[in-house]
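*Asks:* There's a structure below that I have some questions on.
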């Protein structure tokens, strides 16, 4: 634990460092917000950081996004939402069960530890190694440019994460209550649903948030497996690159639109973020 | 706990089968492709290990993208972990607004990397980007030409990655620090008054498992980097920021040379496996 | 975080998403009608007036009533609703609906991913797109895989509008055909020319200053790249536009994946392509009138001494411009010239027409243009040495994509698709597109040219908002390129062309940013091209290559 002497100088130095760290963390967002209020013509001619002082802010870019481009963007947001929620549901359902199984039962032929490591090793698998075959398979199944294809892919890539995190959560829950339920004649499923699940609910919700965010931000598979109807927001973001160059103003607006859902959800899951992001290896 | 019951398989099997189905089949398929000359609009021909030979011994783009990636991974891991550690030490004290800071540091993690890459492009733009605007205001005469020289371009993509992932290391290491037992510190302060000694002899050793985990996870993620060079530099100038994943993407998905791209992907897979194997035992202990 | 606050945030997040889903229903309706004049999405009455006139005059055929209610999908590179190539699709959509009762969706795809998306669609037979607004160098792969539909079968059908194929500059018309069949409609006509600031170059004050500094008269005609280099060097870092800051000599761009390699293609042609000494000078032999491959062996010529010297010239030119330009895209390089900060640039017709758009340009009335300069020392591969000519070697080009529509084999409505193509190809509509800079449609037909090459008049251009002298310079440069240059650079469109050019693009970027020498960059390109040729099959490619450049073995 920290035991330093808090002299005034030390305090000031500390706060200066903290301020720098905070500035570093929020600067890109500040830049995005400022850029989104700049007129396209102004952006490419005069570098500027401060609205009103250096340029006159305009709502034109936002208006453009929410009127002319809205059909495309809203469709993409809808797709992203459906894909992320779908993938999260699958990953969390199967992941909770597997996590519970790994935490509560002992397996002989394939040891618990090995299964856990196997799930972890999925994270080591470069998506590049599977994207071409995935494309071929989806083409074969006639699933190209469907939300289902992306749900399948994202569920697969987020599930190991859900398994590992939730295994860890269930391990920490006292098993006595479930054991007494078994003695009372409850089946494993009843014990799982009535006792373990409610206790783990907040952690499961947090894991779901992270699965959601992973799926929401996924780009490579979305780019390859969709071309129009099922395009999620990440692919639309890539559409800011026009023939004459990147449109700075739409970079800013779309980044801000896209970050909202996962970031807001993440704030609700603060407590579990650390554990989640380290696959349960570090307790937050 | 009853062990004979079959019901335990009902819990774990659906998840295992799902992941197996969706990873084993693609992997087998691309393993097959890796031994073929398979290109858009051409019949496939079996060519043994030719794709691998070509990659390892006859393709400077392979080695270029490999070294770009290794540079990227090394810089990103070292910087994010050490910055994260420094911040964690700083925040590991009673501090007003802790929660707010933590919330603030979480947001970068949830920004889509593809969007961040494009934002990076606007931030590092040589004439109207934020960075050079600030540098000029500070009196720097010739701010770096971020996208038209090799090292600035590489540094720019690393910086964006560092920005996104330092918060991750920070949050994890802070959690690690806060879980260290107070008693040890109380005892230690009786022996020495040097914070540095405390850090070196107590904090660091105790924190090693967490540091190890963080570094491994960061490394694994950094090796896969694609979105940021894709959107920020398109791999340029030249191929100076063409990371390995981006090279596979260009080969297989833009030029439809599926056979060769599969071989390249398998090489990456093998590299990752070797790396993970060398850490496997320690990881197993952590997951005990 | 307290649980109350957490719940609150959760609710907020959910609400914001619901809103995101509900909003399209709220937002979609009112936008359609705003900013429409006579059914054109524009705010400029003059634009709508001229467009309406063109629309009324253009042949409309006899649209088949069976087309009512049908819908096409058009793939195009992303330029936006008022941007190059994709803009006209938005502009004319309502009129298409008026004519046929059918409509179309426009799918914009970023340039870097365009080919990937189109080829994937065709390869999988998905048939998402009916019309592909494609780059002319995709043809090799199309033909090899039988992916597009010939359109000559519709030429005499009364249902379709008539368009004038003979009016198209032959060099570009060839790009819409393969063998003796037509596949593409008439749209964009690409070639690069040199643009410069007439007011600066012709200013006696600057000419005197040039003579004083360099010791000889300013070579205002800029017939060779060597002369261009001297002028660019002279003006670079001087404040010749009087804004208080040093300005640029020349502006170019070569960001990887941003079409920058086309610049080098245009620049290098006179160093590499030499005329046949006998008659006609355009005869293609092993050593004459070839640029890409040896037509006998399919060996890449890309690292020939001529190519290397041209790349050295590009590097020298780059020293006479803003140092950041190798990280630029098209738009940034154009903006530098249009905003009056560079004395010259060489690029497509877009620059000419954009210079007349006062919202983007401050150089209206100051534009000069000429065909791509030549050189007095091209490389002769037969003799194995650089020549020393009296008169510069001039080579015309059709560098670029010449974006134009073709019909996918997997389209379920090929006739309706052809109706759209034919209608957009009519002289009136195509000429209207050419006249407006934002459309990105560049001139290349007799109705764009002045007599004796064509039928256009200065008055027409002036009515479209052009400064008369600018129109003369701009159109004149293109006429020169298409009709007065003695020989032409071959347009490469064998299978694998886009792939070869993309890797070339990377190596050129390596050279200009100083990572490797020009020789090394082109040697690498050579090596990669040999490999791509082998992968595709050398014999197949050789035959197609010989056909495409008109080489008789």
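Protein chains in written order, with this note's numbering: chain R, 37 to 320; chain E, -2 to 285; chain U, 335 to 887. Quick reminder that beta carbons are idealized off the backbone N, C-alpha and C, glycines included.
Taking the alpha-carbon positions, what's the residue 248 of chain E to residue 16 of chain E distance?
*Replies:* On the second chain, residue 248 of chain E is found 251 positions in, with the first residue counted as 1. On the second chain, residue 16 of chain E is found 19 positions in, with the first residue counted as 1. The alpha-carbon atoms of residue 248 of chain E and residue 16 of chain E are separated by roughly 27 Å.
*Asks:* By Cβ distance, which residues of its chain are closer than 8 Å to residue 142 of chain R, with the 5 residues on each side in sequence left out?
*Replies:* As a working mapping, residue 142 of chain R is identified with position 106 in the first chain. So the qualifying residues of the chain are 148.
*Asks:* For residue 417 of chain U, which residues in chain E fall below 9 Å Cβ to Cβ?
*Replies:* Walking along the third chain from the start, residue 417 of chain U turns up at place 83. Near residue 417 of chain U there are no residues of chain E at all, since even the closest Cβ is about 18 Å away, more than 9 Å.
*Asks:* Going along the chain, which residues of the stretch 662 to 676 of chain U sit with their C-beta nearer than 8 Å to a C-beta in chain R?
*Replies:* Result list: 662, 663, 664, 665, 666, 668, 669, 673.
*Asks:* Alpha carbon to alpha carbon, how far is residue 681 of chain U from residue 599 of chain U? Give it in angstroms, no decimals.
*Replies:* Counting from 1 along the third chain, the entry for residue 599 of chain U is found at position 265. Counting from 1 along the third chain, the entry for residue 681 of chain U is found at position 347. Answer to the nearest angstrom: the Cα atoms are 11 Å apart.
*Asks:* Using the rule of at least 16 other Cβ atoms within 10 Å of the residue's Cβ for burial, across every protein chain shown, is residue 626 of chain U buried or exposed?
*Replies:* Position 292 of the third chain, counting from 1, holds the residue named residue 626 of chain U. So residue 626 of chain U ends up on the buried side.
*Asks:* Measure from the alpha carbon of residue 127 of chain R to the alpha carbon of each residue in R:245, R:64, R:217, then state which is nearest.
*Replies:* Sequence index remark: in the first chain, residue 127 of chain R carries index 91 (1-based). With distances taken between Cα atoms, residue 127 of chain R lies closest to R:245.
*Asks:* Can you give me the C-alpha to C-alpha distance between residue 107 of chain E and residue 295 of chain R, rounded to a whole angstrom?
*Replies:* Within the second chain, the letter at position 110 stands for residue 107 of chain E. Within the first chain, the letter at position 259 stands for residue 295 of chain R. For residue 107 of chain E and residue 295 of chain R, the distance between alpha carbons rounds to 7 Å.
*Asks:* With a threshold of 16 other CB atoms inside 10 Å of the CB of residue 363 of chain U, please say whether the residue is buried or exposed.
*Replies:* Taking the third chain and counting its residues from 1, one reaches residue 363 of chain U at position 29. Low confidence applies here, because residue 363 of chain U scores a pLDDT of 40, under 50, leaving its location unreliable; read the following figure in that light. Exposed, by the Cβ-count rule.
*Asks:* Please compile the residues from chain R whose C-beta is within a distance smaller than 9 Å of the C-beta of residue 444 of chain U.
*Replies:* The sequence position of residue 444 of chain U within the third chain is 110, counting from 1. By Cβ distance, chain R contributes 274, 275, 276, 277, 278, 279.
*Asks:* Roughly how many angstroms lie between the CA atoms of residue 157 of chain E and residue 762 of chain U, to the nearest whole one?
*Replies:* Within the second chain, residue 157 of chain E is the residue found at index 160, counting from 1. Within the third chain, residue 762 of chain U is the residue found at index 428, counting from 1. Between residue 157 of chain E and residue 762 of chain U, the C-alpha separation is close to 50 Å.
*Asks:* According to DSSP, is residue 439 of chain U helix, strand or coil?
*Replies:* Locating residue 439 of chain U in the third chain gives position 105, counting from the first residue. Reduced to three states, the DSSP call for residue 439 of chain U is strand.
*Asks:* Using the C-alpha atoms, what's the distance from residue 98 of chain E back to residue 62 of chain R?
*Replies:* As a working mapping, residue 62 of chain R is identified with position 26 in the first chain. As a working mapping, residue 98 of chain E is identified with position 101 in the second chain. Using only the alpha carbons, I get a separation of about 11 Å.
*Asks:* Just the chain R side, please: which residues come within less than 9 Å of residue 376 of chain U by C-beta, in chain order?
*Replies:* For the purposes of this step, residue 376 of chain U is identified with residue 42 of the third chain, where counting begins at 1. Correct list: empty, because the minimum Cβ distance to chain R is about 14 Å.
*Asks:* Would you list the one or two residues that DSSP bridges to residue 582 of chain U?
*Replies:* What you label residue 582 of chain U is simply residue 248 of the third chain in a count that begins at 1. Paired residue(s): U:676.
*Asks:* Say whether chain U places a C-beta atom closer than 7 Å to the C-beta of residue 290 of chain R.
*Replies:* Taking the first residue of the first chain as position 1, residue 290 of chain R is located at position 254. No, residue 290 of chain R lies away from the interface with chain U (no Cβ there is under 7 Å from its Cβ).
*Asks:* Could you work out which residues of chain R lie near residue 679 of chain U, taking near to mean beta carbons separated by less than 7 Å?
*Replies:* As a first step, residue 679 of chain U must be located in the third chain, where it is residue number 345. Correct list: empty, because the minimum Cβ distance to chain R is about 14 Å.
*Asks:* Would you identify the three-state DSSP class for residue 813 of chain U, choosing helix, strand or coil?
*Replies:* Position 479 of the third chain, counting from 1, holds the residue named residue 813 of chain U. Of the three classes helix, strand and coil, the one that applies to residue 813 of chain U here is helix, per DSSP.
*Asks:* Return the residues of the stretch 651 to 662 of chain U that lie within a Cβ-Cβ distance of less than 9 Å from chain E, sorted by chain order.
*Replies:* Listed in sequence order: 656, 657, 658, 659, 660, 661, 662.
*Asks:* Output the residue ranges of the alpha helix (DSSP H) runs that lie fully inside the stretch 266 to 303 of chain R and measure 4 residues or longer, sorted by chain position.
*Replies:* Listed in chain order, the complete alpha helix (DSSP H) runs (minimum 4 residues) inside the stretch 266 to 303 of chain R are 269 to 274.
*Asks:* Can at least three beta-carbon pairs, one atom from the stretch 560 to 570 of chain U and one from the stretch 491 to 504 of chain U, be found at a separation below 8 Å?
*Replies:* The stretch 560 to 570 of chain U is not in contact with the stretch 491 to 504 of chain U.
*Asks:* In the DSSP assignment, what are the bridge partners of residue 281 of chain U?
*Replies:* The structure shown does not extend to residue 281 of chain U, since chain U is modelled only from 335 through 887, so no value can be given for it.
*Asks:* Is the distance from the Cβ of residue 582 of chain U to the Cβ of residue 657 of chain U below 7 Å?
*Replies:* Against the third chain, residue 582 of chain U aligns to sequence position 248. Against the third chain, residue 657 of chain U aligns to sequence position 323. Contact: no.
*Asks:* Anything in the stretch 588 to 605 of chain U with a Cβ closer than 9 Å to a Cβ of chain E? List those residues in chain order, please.
*Replies:* Those would be 588, 589, 590, 591, 592, in chain order.
*Asks:* Looking at chain U, which residues of the stretch 250 to 284 of chain E have a Cβ within less than 8 Å of any of its Cβ atoms?
*Replies:* Correct list: 250, 251, 252, 253, 254.
*Asks:* Could you spell out where the beta strand (DSSP E) holding residue 407 of chain U opens and where it closes?
*Replies:* Position 73 of the third chain holds residue 407 of chain U. From DSSP, the beta strand (DSSP E) with residue 407 of chain U extends over 405 to 411.
*Asks:* Is residue 251 of chain R buried or exposed, if buried means 16 or more other CB atoms sit within 10 Å of its CB?
*Replies:* Here residue 251 of chain R corresponds to residue number 215 of the first chain, with the count starting at 1. It is buried - the Cβ of residue 251 of chain R has at least 16 other Cβ atoms within 10 Å.
*Asks:* Any C-beta of chain E sitting closer than 7 Å to the C-beta of residue 849 of chain U?
*Replies:* Here residue 849 of chain U refers to the residue found at position 515 of the third chain. Interface residue, yes.
*Asks:* For residue 719 of chain U, does the three-state DSSP call read helix, strand or coil?
*Replies:* The residue labelled residue 719 of chain U in the question sits at position 385 within the third chain. In this structure, residue 719 of chain U counts as strand in the three-state DSSP scheme.
*Asks:* So, is residue 735 of chain U buried or exposed, given that buried needs 16 or more other C-beta atoms within 10 angstroms?
*Replies:* Counted from its first residue, the third chain places residue 735 of chain U at position 401. Counting Cβ neighbours within 10 Å, residue 735 of chain U comes out buried, since at least 16 surround it.
*Asks:* Can you tell me where the beta strand (DSSP E) holding residue 199 of chain E begins and where it ends?
*Replies:* To locate residue 199 of chain E, count along the second chain from 1; it is residue 202. Residue 199 of chain E -> no beta strand (DSSP E), and no H or E assigned at all.
*Asks:* Taking a Cβ distance cut-off of 7 Å, strictly less, list which residues of the stretch 226 to 242 of chain E are near chain U, in chain order.
*Replies:* Here the close residues are 231, 232, 233, 234, 235, 236, 237.
*Asks:* Do residue 503 of chain U and residue 816 of chain U have their C-beta atoms within less than 7 Å of each other?
*Replies:* Within the third chain, residue 503 of chain U is the residue found at index 169, counting from 1. Within the third chain, residue 816 of chain U is the residue found at index 482, counting from 1. It is a contact, given that the beta carbons lie within the stated cut-off.
*Asks:* Applying a beta-carbon distance threshold of less than 7 Å, which residues of chain U neighbour residue 264 of chain R?
*Replies:* Locating residue 264 of chain R in the first chain gives position 228, counting from the first residue. Those within 7 Å of residue 264 of chain R in chain U are 441, 462.
*Asks:* Would you kindly work out how many angstroms separate the C-alpha atoms of residue 290 of chain U and residue 787 of chain U, rounded to a whole number?
*Replies:* The structure shown has nothing for residue 290 of chain U, since chain U only spans 335 to 887.
*Asks:* Kindly list, in the order they appear in chain R, the residues whose Cβ is closer than 7 Å to that of residue 458 of chain U.
*Replies:* Here residue 458 of chain U corresponds to residue number 124 of the third chain, with the count starting at 1. 175, 180, listed in chain order.
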